[in-house]
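Beneath this line is the structure, given in structure tokens, with notes to follow.
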Amino acid sequence: MFRKIRIAVAIAVIAILTFGFIDFAGIIDNPLLQKIQFGPALLSLSIVTLVCLIAATLLLGRLYCSVICPLGIFQDFFNWLSKKFDKKKKYGYKTEQPWLRWGVLAVLVIAWICGFTFLTGLVEPYSAYGRMADELFRPVYLFGNNLLATIFEKFGNYSFFKVVISLKSITAFAVALLTLLVVGHISYHYGRTWCNAICPVGTLLGFFSRFSLLRIRIDKDKCNHCLACQRKCKAYCIDSKNQAIDYSRCVDCFDCIDACKQKALSFGPVKCSKAPNENQTDSVDESKRQFLKSTLVIAALAPAALEAKVTGKKDERVPMSPPGSISHRNLLQHCTACHLCVSKCPSHVLKPAGMEYGLGGIMQPVMKFDDGYCNYDCNLCSQVCPAGAIRPLTVEQKHSTQPGRVVFNKDICVVNVNRTSCGACAEHCPVQAIHMVPFEGGLTIPQTTPELCVGCGGCEYICPVKAVHIEGNPVHLEAKAPEQDNNIQTDNFDFGF
Amino acid sequence: MDRREFLKTLAAAGALVTVKSSGMMDVMASTMPATATASEGNADLAAIMNGEPAAMLQAAMKELGGIGRFINKGDKIVIKPNIGWDRTPELAGNTNPDLLVALIKMCQDAGAAEIKVFDHTCDNWTRCYDHSGIEAAVKKAGATMVYAHERSSYQQVDIPKGKALKSAEVHKAIVECDKWINVPVLKNHGGALMTCAMKNHMGIVWDRRAFHSRGLHQCIADICTYKPAVLHIVDAYRTVATNGPQGRSASDVVLTKALFASADIVAVDTAAGKFFTQINKNISFDDIEHIPDGQQLGLGTMDLESINVKRVRL
């Protein structure tokens, strides 16, 4: 029964969560399931989410890994698939690899402290899944939609509309594909080994799940050591011979309960007779503590050199981080590159970065105006970010945020070069940070007021010769409020002709 | 020649003449049977003030001799509003949805076989269609909202009369329709000073950047020669007086409660331009270049004295 509920909830969760990533029509504008993911919650220090998740783990064990973590559910799918092809598939019991688990975690923590968030985001399970959803599943969904739209259009029905399918970044696509192959391969052959050897969230929650109140228990009187449960356990954590379970690795999939013909397994409150096990955990704890201590020391000594590189280069254009991200540093500290903002951006402005932010910020969102410009009244990215990398902005707050400012190059402007009228940049500027002023021969030419600029990139996008572009502010500034023109007559006018 | 064909030819000829010069219009109209209940007094340009959008449209069409003078029963009609910006109706960045609903009803009553509405937006199209209130209003009125954000919706066409623009990718809805009605909103414009009926043609083409790199004013005038709309209805119910074409806030918008309608695009832009420059006094009518450009291309007349103008205050 528990197993069936687990599967039903997991399917519902992954369906809704995935839809949050692939939905282009704004049906789910503010996905909630993305906000209760452990990794982003930890980086944004969302105390409420963290306390709830840890409390749930202390109560129920690592149920999180089976029903909330999308990468966990994704692995269960591959695991299920493997059983379809190999009916006799069996698992066994393996001892825990604390050095590997905690070692990986330590490396990730050091990487994060050094500003090398790329590595942390690479294995953070929710973000790893998010990138797969955005880079791999989304194009498939869009393709299906376009096919439908084409068919409907033929019959004069415009209820579906076509959407542009584009490769946002080769790096992000390659990483997503690699994640799919690696995690898919491991889960197909070795069950939840990824979760118990590499996954930082698995390691952290595993620490708490050792003490969980409710857990899978083996009734020692009923158990006949048939190994049925052990063979079913994709986490390799049931030692049927000794009638023991490693709760730090158990993900509460409940497969074992259904497998036991003796009905010796049940999910319920812990009993007090667990003395030998607890001794074991204590000894493991020591090594972990040692590890954490040493990593913290190394981390404290390591200079945040990577970040210095980002702002240091002067010959190249300064990248634009999305409004609400406050600064490159803030983005670097919090973003695990789940690409929810990238997938939600209705104007296709947010793209996974290459080396714009330096090595540490690969795949983090950067504003690019090749396919569109940031909508003045849109604050979606700031609303959906689960990691606090892009802080929530109201539309009014966004209007006064300046993530970058306009730069005008008169030498290549068409008005100056071709002596023809244009004004596309001024037309697209929502705040008149570019406006047209009289030029030779009755023409008008752009003039910029950078203090007013909100960095939306409308001018850069539409300029036929890229004579205007937006230069990023490494730390976002406040955009000055524009002054009001008073030479308007608001009543008492006639036809005028 | 059967009756339908005869009517079509007549209407097409009528529309053409209307665009060329308005002097002949009265003669043509008076010869139109059945659908055109025309009389000697039909206006060439109707200017209406002090009404709600639907009422002003009714009044204008009454002065012009009814919608039946411009479209025929069984026509495939396209209505092309301005939906360029992600703005609510109160901010007047786009054509007023109430006006569109009234116009759709009018076309339906005149027996239009199909009514499509679209615009190639500047801002993100889903947000424009949605926040302008136009998509919902159009669908409710029973017309078809067509999308225009994808290149495959456009078709390469020749513009034989164009000076700077010899060909362009024009939306298939326009290419394939029998008649289309241009429904711009009157606004201030940073580059062109004022945007109205002629500038609204930017929304029927795919590549805007080409217009800007080849000389905006001439390209606008050129595209107007491709397949002239049979009627231009200028929405000036609310007007973005400053910081156009988007307007920054409600303080840029003036409740002007006016509407101008004519088959002559230059005349309607002239009327709207003169109306507009008394609201925004920083702009002089003589500086709005694309209107004389249009007259030079033979799109219509700027001389409002030479045509039959009806001014109505509701």
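For the protein sequence lines, the chains are A and B, in the order given.
Each residue of the first sequence is one higher than the one before, counting from 1 in my numbering.
Each residue of the second sequence is one higher than the one before, counting from 1001 in my numbering.
Ideal Cβ placement from N, Cα and C applies to all residues, glycine included.
All figures in this text were calculated on a predicted structure; none of them were measured in a lab.
Apart from sequence neighbours up to five positions away, the residues of its chain that approach Phe1285(B) with a beta-carbon distance below 7 Å are Gly1273, Lys1274 and Thr1277, ordered along the chain. In the DSSP annotation of this structure, the continuous segment of the alpha helix (DSSP H) that includes Met1061(B) starts and ends at Pro1053 to Leu1064. Ser1213(B) belongs to the set of residues whose beta carbon lies under 9 Å from a beta carbon in chain A. Ser1167(B) is classed as exposed because its beta carbon has fewer than 16 other beta carbons within 10 Å across all chains shown.
Taking 7 Å as the cut-off between beta carbons, the residues of the region 1118-1140 of chain B near chain A are Cys1122, Asp1123, Asn1124, Thr1126 and Arg1127, in sequence order. Contact annotation, Asn416(A) with Lys410(A): C-beta distance approximately 6 Å; criterion of less than 8 Å satisfied. When Leu1103(B), Ile1071(B) and Val1253(B) are compared, the shortest CA-CA separation from Ala1060(B) is found for Leu1103(B).
The shortest C-alpha to C-alpha distance from Ala1148(B) to any of Ala1110(B), Trp1206(B), Pro1292(B) and Pro1160(B) is the one to Trp1206(B).
Within the same chain, Cβ atoms closer than 8 Å to the Cβ of Arg138(A) are found at Phe21, Ile22, Phe24 and Ser343, the five residues on either side in sequence being excluded.
Within chain B, the C-beta atoms nearer than 9 Å to that of Ile462(A) come from Cys1122, Arg1208, Arg1209 and His1212, in chain order.
DSSP, reduced to helix, strand and coil, places Tyr357(A) outside both helices and strands of the structure shown, so it counts as coil. Taking C-beta atoms as the reference points, Arg192(A) and Asn79(A) count as a pair closer than 9 Å. Your pair Ser1132(B) and Ile1077(B) does not check out as a contact, with CB atoms roughly 20 Å apart and the cut at 8 Å. Residue environment for Lys1281(B): exposed (fewer than 16 other C-beta atoms within 10 angstroms of its C-beta). Gly496(A) carries a coil assignment under DSSP once its states are collapsed to helix, strand and coil. Under the 10 Å beta carbon count, Asn487(A) is surrounded by fewer than 16 other beta carbons and is classified as exposed. Judged by beta-carbon spacing, Leu1186(B) lies within the 9 Å limit of Thr1239(B), meaning their Cβ atoms are closer than that value.
When secondary structure is reduced to three states using DSSP, Tyr1237(B) falls in the strand class. Leu42(A) and Leu50(A) have their C-alpha atoms some 7 Å from each other. Around the beta carbon of His1120(B), 16 or more other beta carbons sit within 10 angstroms, so the residue counts as buried. Note that the C-beta distance between Pro70(A) and Ala133(A) is below 9 Å.
Under a criterion of Cβ atoms nearer than 8 Å, the residues of chain B adjacent to Phe493(A) are, in order, Thr1256, Phe1275, Gln1278 and Ile1279. Non-local beta-carbon contacts of Leu1297(B) in its own chain, meaning distances under 8 Å to residues more than five positions away in sequence, involve Lys1161, Lys1163, Ala1221, Asp1222, Cys1224 and Thr1225 in chain order. Scanning chain B for C-beta atoms nearer than 8 Å to the C-beta of Gly372(A) yields Asn1124, reported in chain order.
Counting only runs of 4 or more residues that sit fully inside the region 28-70 of chain A, the alpha helix (DSSP H) segments are 38-43, 47-60 and 63-67, in chain order.
Beta bridge pairing from DSSP links Pro352(A) with Pro365(A).
One Cα belongs to Gly472(A), the other to Cys341(A), and the distance between them is close to 18 Å. Taking 4 residues as the minimum length, the alpha helix (DSSP H) runs contained wholly in the region 1097-1149 of chain B are 1097-1109, 1125-1131 and 1134-1141, in order along the chain.
In terms of beta-carbon proximity, Asp1287(B) lines the interface with chain A, with at least one pair separated by less than 9 Å. DSSP, read as helix, strand or coil, puts Arg192(A) in coil. Runs of the beta strand (DSSP E) lying entirely within the region 167-227 of chain A and spanning at least 3 residues, in chain order: 214-218. Taking Ile1265(B) as the centre and dropping the five residues before and after it, the same chain places the C-beta of Val1019, Asn1182, Ala1197, Met1198, Cys1224, Pro1228, Ala1229, His1232, Gly1294, Leu1299 and Gly1300 closer than 8 Å to its C-beta, in chain order. Per DSSP, reduced to three states, the secondary structure at Gln402(A) is strand. Put simply, the CB of Cys378(A) is near chain B, with a gap under 9 Å to one of its CB atoms.
Sequence-distant Cβ neighbours of Gly404(A) in its own chain, meaning closer than 6 Å and more than five residues away, are Met320, Gly455, Ile470, Glu471, Gly472 and Asn473. Taken in chain order, the members of the region 419-438 of chain A whose beta-carbon sits within less than 7 Å of a beta-carbon on chain B are Thr420, Ser421, Cys422, Gly423, Ala424, Ala426, Glu427, His428, Pro430, Val431, Gln432, His435 and Met436.
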